[in-house]
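Participant: First the structure, then my questions, so here it is.
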Amino acid sequence: MSALQLAFVTFFGLAAVWFALVVFRTSSMMRSALALLFSQTALGALFLALQAEFLGVLQIMMMATEMSIMAIFMVMFMMDPGGLGQMDMTHQKRLSIVAGVVAAAVVAVVAVLTPWGAPATSIPNPSEQLQGLGRELLGRSMLVFETAGITILTAMVAATAVAMPALQRRRER
Amino acid sequence: MSVLAPILALLLLAWCVAVLDAWMTTGRFRPLAPLTATLALVAGESLVPRKPDRLFFETAPILLLLAAVLAAAALPIAPHLVITDLATSALFVNAALAYVLVALLMAGWGPDGAYAMIGGWRFLGQTIAYSMLIVMPITAVAMRAQSLLTTDIVRSQAGLWNVLYQPLGFALFFVAAMAVSFLPPFDLPTASGELAGGVEAEYTGARRAIFRLGRTILIVSLATATTVFYLGGWLGPWLPPWLWSALKTLAVAAAMLAAGHAVPRLREAHLLAWAWKAGIPLAMLNIFLVGVLLLVIP
Amino acid sequence: MSIGLLLALLTAAALFGIGLYGALSQTNLVMIMMGVELILGGALLNLVAFWRFLHPGSYPGQMFVLIVMTVMAVEMAVGFGVAIARFRARGSVEMEAARELQG
Amino acid sequence: MTGLLALAPLAPLAAAALILLGRRAAAPLALLGAGASLYGGARLLSSVAAGATASLALPGLPGLPLALTATPLTALLSVLVATIALFVLTYATGYMTEDPERKRFFATMLLFVAAMQTLVLAGDWILLLAAWEVIGLASYLLIGFWHDRPGVPAAATRAFLTTRAADLGLYAAAFLLIGATGTNAITQATHPSGPAALAAGLLLLLAAMGKSAQTPLHGWLQDAMAGPTPVSALLHSATLVAAGAILLIRTAPLLPPAALLAAGLVGGTTTVITGLIAFAERDLKRLLAASTSSQYGLMLLAVGAGYPLAALLLLIAHAAIKSSLFLASGVFQHSRDSTRLDDLRGIAAERPLAYAGFTLAALALAGIPPLSGFLAKDAVIAATLASPRTAAFATLALAGTLLTGAYMGRALHALWHGQPHPRPLAGIGWMIAGLTGLVALAATLALAFPGIRTLLGQPLPETVAAKAAGLSAALTGLALGWLLRPERALGPLLPWAQRGFRIGGGLSALTVKSALTLARACDRTETLLYGGVLAAGRAGMAVARAAQASDDLGLDALIAALARGANRLGARLRTLQSGLIHRELALATAGAALLVASLAIALLAAPAIPPR
């Protein structure tokens, strides 16, 4: 891994963490949602730096729309979307902080102490990766992948159904 | 050089498109109009509205410009005239275009104005309508090229342009491209008549100039994308490749600008209904047809 | 032992911790979902890092990333479905007072 | 070969899809689908009989490919399923003539058949599980077919939940076997040994008990009569209920002796208890349902005795016999709009053809030579005699045979006597056609048995003692059933009978109470009239009472105690369940942390993974 790549990994990693922190530190819901968006985008860029080109581009693409939708829901459903009233929207704060810190610390300790072995030296180039992933998806893992597709479809139908009934009941009355 | 030339080309094309736009709306052909308009905007005062979300307000025009340029970056103007030649560049175009939405949302939220915000949210609805219609035709195009590389996609059309190979995909992509660049009849976020400019409304001076530039480059990017994906990119006899690309791109841009003037503005509810009930099934059909064609004709 | 892998894993650990904090501390359903998204983002990073540094020749790892992205999308869809239903019924998605699940 | 393998399950599936897509012609399409499936199965059987073996591997999970295989056993079962399905669907063409929901009916029936074919031909555990699940779903849809009638949804749900609960056994067994052998193929070469084999065997038995309605899980089958008659015919003979027995027959070579003993005991108990229930039953279809449990009990007994071939013969004979019984009872039901024996009195003169078919099938079921049932029963009894546990198994088998004769005799008697009041019936032609085919099959199937035995090449004991004992038990049973007049014994039960017209929700109460009263009344008549014969009868009644009592006191009390305990525990746990999302999330996090910690400890304690 070249020094430049390492620098990119560090930079985007820090960006992802920084934006993740902003998500819960800002009081404006819009900023919160967009901070999450940029955190995920930084993650996508980090994937690019890790030479997983397809996944990186996919992450950057998917998260943009996904988190924008998150933003509109935030503004729709929050009492104080602009964060102007400076309300406190948190609870059991100490427990949460302890849980978060302990979890991160444990994971970090495991990451540091585990002997991961020598890193791989030759990474397949992006077009090889694409082909390999395609063959994986339409070969051995087809069933798994199709299941994921069906799951998404089911979730779409289920979410619509959950969101609908009030309207229908009103009509039936 | 490899970066500078495409960017210059992009600016040049943007200039032409701006001239074209003005020509179509005002009926007068003034090749220097973009320069004078920009000078007027930059020289004018750039007002900041009351209680803005300053961060978003300042970032939005730049992000729009950036998204448009990044989308163009993955599109080749001539065989070697491309900024980044990613292996997944067709997908990358798409990823960059997704940030147009983010920019408009920020521009809508930033100035703390009702019209602007409504414009921003409207574009979100519009995105949900068009985004699948961008991805699915590109999928069919990539299927024919057996590659996500835009240069490969252009080369795959050497025998027959995709506009003839998959006309259905072209039609869908063309409409969706107009929706991405919020050209009429899809100009819901800016809706000059009813929203008084929408997301643009609160921008003045230099910020507005950047916003306008970003929008124009966005149109160029989408016209280039249409050219690359469906009209054989730089392919063509006699003329040099870059000139073919430029001519086709300008033609597509002109067609996009002209198409909007003839159709009334669509409500996004209708747009959503149309996109999901007709557009996406048609896009599926397109993918299916291309698949069959690929299997039948080796 | 690669410094790059370590950096990626530590970033993922930080994202996981922040996400967990968010999911536990927020009162609003949508904010809780954001925390979960961050946790899943950390998982994604771990998967990509392991693929890149330990098994670059094997693609099930990349496929797993796609599956986690699916899970994120599913979580969003179902979460927003619940949020809409709840907002219709209660006029709020604050979870502070939600006691329907009480046993 | 592989094409035929795919044809058997895919033809019904394709027909189902076409039915759903098309507007009309549901019945011809259904017949076509079943016919194509039968063609595939038959061709498969003929080529397998010629010595070929076929296997169709499908891409499945990584490292665990799905497979359809044709062995003599699976091909034979496939033919059986398709044949029964074809006749039942022929019958259903008439039966469902006037139902507006025909399309849904035929499509679901074909789904059922397709799933059963997949289950029968499945060569690996995962495909078997999938087919098993689809069968459960299809049976739920079919039992609840008339979902707007009172009580039907509840019956469908009960059937579904009971079988699903037992299905967990199959899941656990399949995962255990895959984990122990490292392959998901159902082969005998790699079967595990030791405690894993025993556990897997018992879990398989649990799954089979649920599907084949074995005691104490037999209750749902009687409720399942809420569905249309063709559904019952298919369900009892060749699909849902048969799936349990088929599972055990296919896996019998994998089972260790202890699991076999358990299977035999469960089967024997079931055959006696459900036989008694059938004898006390006053509804023809419910009587047949109880009889089904009883017959599958005999099959489990044969498997337990170590002769799955005997069980297979009985399964085949029973499939033809029981479906013809149901089809005939469906004709009766359409004639009188009821299936209660009281309402069906004297139907013999009114529907002579159907009654003749019913009689032939009943005699076959009871085990009268030369009908198919005789040879099958004889094989089962011979198997129990040859098993290491002759005393227990043979007694149970003979008691089961006796009871079979008794309840069939009783049903025949009830249908014979009484006033006919004929009226025309729509679609009777199709119904009789299906019925005739099946009865002919039931009567002549015995001719195929020697062929099956040579085809499968498994041992089967044969003794004259078994033949004699079986025949005499069957004849005694029939005589008892014919002579013991339920209507004379029914004196104190008359109010019950009148109320029974509206059965409502008290189905089980009705069953239990009527059985008890009937048993008591029978007992009295017996002592008065037939002193000599009746020592056996009294013993039977005592067992019946014991069974009811155990049901009432033992099981119910146990369940009540369980429920109380669960309630009390729940009340304590309630305090943990604040219903507040953040508390629950925190608890979930703690739980996950605990899990991860235990995993980590296990990993650290285990020997280190060698570096690659």
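For the protein sequence lines, the chains are A, B, C and D, in the order given. Going by my numbering, the first residue of the first sequence is number 1, and it counts up by one from there. Going by my numbering, the first residue of the second sequence is number 174, and it counts up by one from there. Going by my numbering, the first residue of the third sequence is number 472, and it counts up by one from there. Going by my numbering, the first residue of the fourth sequence is number 575, and it counts up by one from there. Think of the CB as a built atom: it goes at the ideal place given N, C-alpha and C, for glycine as much as any other residue.
Considering only their Cβ atoms, is the gap separating residue 1013/D from residue 935/D smaller than 7 Å?
Facilitator: Residue numbering aside, residue 935/D sits at position 361 when the fourth sequence is read from its first letter. Residue numbering aside, residue 1013/D sits at position 439 when the fourth sequence is read from its first letter. Yes.
Participant: Taking a Cβ distance cut-off of 9 Å, strictly less, list which residues of the stretch 1156 to 1177 of chain D are near chain C, in chain order.
Facilitator: 1156, 1158, 1159, 1160 and 1163
Participant: When you compare each of 640/D, 975/D, 590/D and 706/D to residue 663/D by their alpha carbons, which one comes out closest?
Facilitator: Taking the first residue of the fourth sequence as position 1, residue 663/D is located at position 89. Looking at the Cα atoms, 590/D is the closest of the given residues.
Participant: What is the rounded straight-line gap between the Cα of residue 996/D and the Cα of residue 924/D?
Facilitator: Residue numbering aside, residue 996/D sits at position 422 when the fourth sequence is read from its first letter. Residue numbering aside, residue 924/D sits at position 350 when the fourth sequence is read from its first letter. About 5 Å.
Participant: From what residue to what residue does the beta strand (DSSP E) around residue 642/D run?
Facilitator: Indexing the fourth sequence from 1 puts residue 642/D at position 68. Looking at the DSSP string, the run of the beta strand (DSSP E) that includes residue 642/D is 638 to 644.
Participant: Less than 7 Å between C-beta atoms, sequence neighbours within five positions excluded: which residues of the same chain meet that for residue 272/B?
Facilitator: Here the question's residue 272/B lines up with position 99 in the second sequence. Apart from sequence neighbours up to five positions away, the residues of its chain that approach residue 272/B with a beta-carbon distance below 7 Å are 236 and 240, ordered along the chain.
Participant: Excluding the five sequence neighbours on either side, which residues of its own chain have a C-beta within less than 7 Å of the C-beta of residue 473/C, listed in chain order?
Facilitator: Here residue 473/C is taken as the residue at index 2 of the third sequence, counted from 1. Its chain contains 524 as the residues whose beta carbon lies nearer than 7 Å to that of residue 473/C, once the 5 sequence neighbours on both sides are disregarded; these appear in chain order.
Participant: Tell me whether residue 358/B sits in a helix, a strand or coil according to DSSP, three-state version.
Facilitator: Taking the first residue of the second sequence as 1, we reach residue 358/B at position 185. Residue 358/B falls in the coil class under three-state DSSP.
Participant: Beta carbons nearer than 7 Å to chain C: which residues of the stretch 89 to 108 of chain A have them?
Facilitator: 89, 90, 91, 92, 93, 95, 96, 97, 99, 100, 101, 103, 104, 107 and 108
Participant: Between 735/D, 985/D and 958/D, which lies nearest to residue 859/D when the distance is taken from Cα to Cα?
Facilitator: One-based indexing of the fourth sequence puts residue 859/D at position 285. Comparing Cα positions, the closest option is 985/D.
Participant: For residue 511/C and chain A, any beta-carbon pair shorter than 7 Å?
Facilitator: Taking the third sequence and counting its residues from 1, one reaches residue 511/C at position 40. No, its Cβ sits nowhere closer than 7 Å to a Cβ of chain A.
Participant: Tell me the rounded alpha-carbon separation between residue 927/D and residue 1006/D.
Facilitator: Start at 1 with the first residue of the fourth sequence, and residue 927/D comes out as number 353. Start at 1 with the first residue of the fourth sequence, and residue 1006/D comes out as number 432. Looking at the two C-alpha atoms, the distance is approximately 8 Å.
Participant: Taking 7 Å as the threshold (C-beta atoms), are residue 607/D and residue 585/D in contact?
Facilitator: Here the question's residue 585/D lines up with position 11 in the fourth sequence. Here the question's residue 607/D lines up with position 33 in the fourth sequence. Going by C-beta atoms, residue 585/D is nearer than 7 Å to residue 607/D.
Participant: Against chain A, which members of the stretch 262 to 283 of chain B pass a CB distance test of less than 8 Å?
Facilitator: 264, 265, 267, 268, 271, 272, 274, 275, 278, 279 and 282
Participant: For residue 870/D, tell me which candidate among 837/D, 898/D, 853/D and 633/D has the shortest Cα-Cα distance.
Facilitator: Here residue 870/D refers to the residue found at position 296 when the fourth sequence is read from its first residue. Taking only the C-alpha atoms, the option nearest residue 870/D is 837/D.
Participant: So, residue 107/A versus residue 484/C, is the Cβ gap smaller than 7 Å?
Facilitator: Counted from its first residue, the first sequence places residue 107/A at position 107. Counted from its first residue, the third sequence places residue 484/C at position 13. Yes, the pair counts as a contact, with Cβ atoms nearer than the cut-off.
Participant: Considering only residues of the same chain and omitting the five flanking positions on each side of residue 474/B, which have a CB-CB separation below 6 Å?
Facilitator: Lying before the first or after the last residue shown, residue 474/B is absent from chain B, which here runs from 174 to 471.
Participant: Quick check on residue 1141/D: does DSSP put it in helix, strand or coil?
Facilitator: One-based indexing of the fourth sequence puts residue 1141/D at position 567. Helix.
Participant: Once you ignore the five residues that flank residue 145/A on each side, which residues in its own chain have a CB closer than 7 Å to its CB?
Facilitator: The sequence position of residue 145/A within the first sequence is 145, counting from 1. Hits under 7 Å: 137.
Participant: Given 8 Å as the limit, is there contact between the stretch 43 to 52 of chain A and the stretch 544 to 558 of chain C, that is, 3 or more CB pairs closer than that?
Facilitator: no
Participant: Under 7 Å between C-beta atoms, does residue 289/B make it to chain A?
Facilitator: Within the second sequence, residue 289/B is the residue found at index 116, counting from 1. So, not an interface residue.
Participant: Within the same chain, show all residues whose beta-carbon is closer than 6 Å to that of residue 704/D, passing over the 5 residues directly before and after it, in chain order.
Facilitator: Along the fourth sequence, one-based indexing puts residue 704/D at 130. Around residue 704/D: no qualifying Cβ.
Participant: Report the neighbours of residue 491/C on chain D: residues whose CB is nearer than 8 Å to its CB, in chain order.
Facilitator: For this step, residue 491/C is matched to residue 20 along the third sequence. Here the neighbours are 1163.
Participant: Which residues in chain D have a C-beta closer than 9 Å to the C-beta of residue 63/A? List them in chain order.
Facilitator: Residue 63/A sits at position 63 when you count from the first residue of the first sequence. Result: empty, since nearest Cβ-Cβ is about 23 Å, beyond 9 Å.
Participant: Please tell me whether residue 157/A has its Cβ less than 7 Å away from any Cβ of chain B.
Facilitator: What you label residue 157/A is simply residue 157 of the first sequence in a count that begins at 1. Answer no: the Cβ-Cβ gap between residue 157/A and chain B never drops below 7 Å.
Participant: Counting only Cβ pairs nearer than 8 Å, list the residues of chain B close to residue 2/A.
Facilitator: For this step, residue 2/A is matched to residue 2 along the first sequence. Those within 8 Å of residue 2/A in chain B number zero; the least Cβ separation is about 18 Å.
Participant: Below 7 Å between beta carbons: does that hold for residue 372/B and residue 244/B?
Facilitator: Looking up residue 372/B in the second sequence gives position 199. Looking up residue 244/B in the second sequence gives position 71. No.
Participant: When you compare only the Cα positions, how much space is there between residue 339/B and residue 564/C?
Facilitator: Position 166 of the second sequence holds residue 339/B. Position 93 of the third sequence holds residue 564/C. Each residue's alpha carbon lies about 46 Å from the other.
Participant: Per the DSSP calculation, residue 35/A is bridged to which residue(s)?
Facilitator: By one-based count along the first sequence, residue 35/A stands at place 35. Looking at the DSSP assignment, residue 35/A forms no beta bridge with any residue, so it has no partner.
Participant: By the DSSP assignment, the alpha helix (DSSP H) with residue 991/D in it spans what residues?
Facilitator: One-based indexing of the fourth sequence puts residue 991/D at position 417. Note, residue 991/D: premise wrong, no alpha helix (DSSP H); not H, not E.
Participant: Please name the residue, chosen from 963/D, 697/D, 1017/D and 702/D, that lies closest to residue 895/D on a Cα-to-Cα basis.
Facilitator: Within the fourth sequence, residue 895/D is the residue found at index 321, counting from 1. When only C-alpha atoms are compared, the closest one is 1017/D.
Participant: Under three-state DSSP, which class holds residue 819/D?
Facilitator: To locate residue 819/D, count along the fourth sequence from 1; it is residue 245. Residue 819/D: helix per DSSP, three-state reduction.
Participant: Quick check: what's the CA-CA separation for residue 843/D versus residue 789/D?
Facilitator: For the purposes of this step, residue 843/D is identified with residue 269 of the fourth sequence, where counting begins at 1. For the purposes of this step, residue 789/D is identified with residue 215 of the fourth sequence, where counting begins at 1. Taking the straight line from one Cα to the other gives about 7 Å.
Participant: Give me the chain B residues within the contact set of residue 9/A, using Cβ-Cβ distance strictly less than 8 Å, ordered along the chain.
Facilitator: Within the first sequence, residue 9/A is the residue found at index 9, counting from 1. Those do not exist, as residue 9/A stays about 19 Å from chain B at its closest Cβ, beyond 8 Å.
Participant: Counting only beta-carbon atoms, is residue 494/C nearer than 7 Å to chain D?
Facilitator: Your numbering for residue 494/C matches position 23 in the third sequence. True, the Cβ-Cβ gap to chain D drops below 7 Å.
Participant: Does the distance from the CB of residue 355/B to the CB of residue 310/B come in under 7 Å?
Facilitator: Taking the first residue of the second sequence as position 1, residue 355/B is located at position 182. Taking the first residue of the second sequence as position 1, residue 310/B is located at position 137. In this structure, residue 310/B does not lie closer than 7 Å to residue 355/B by Cβ.
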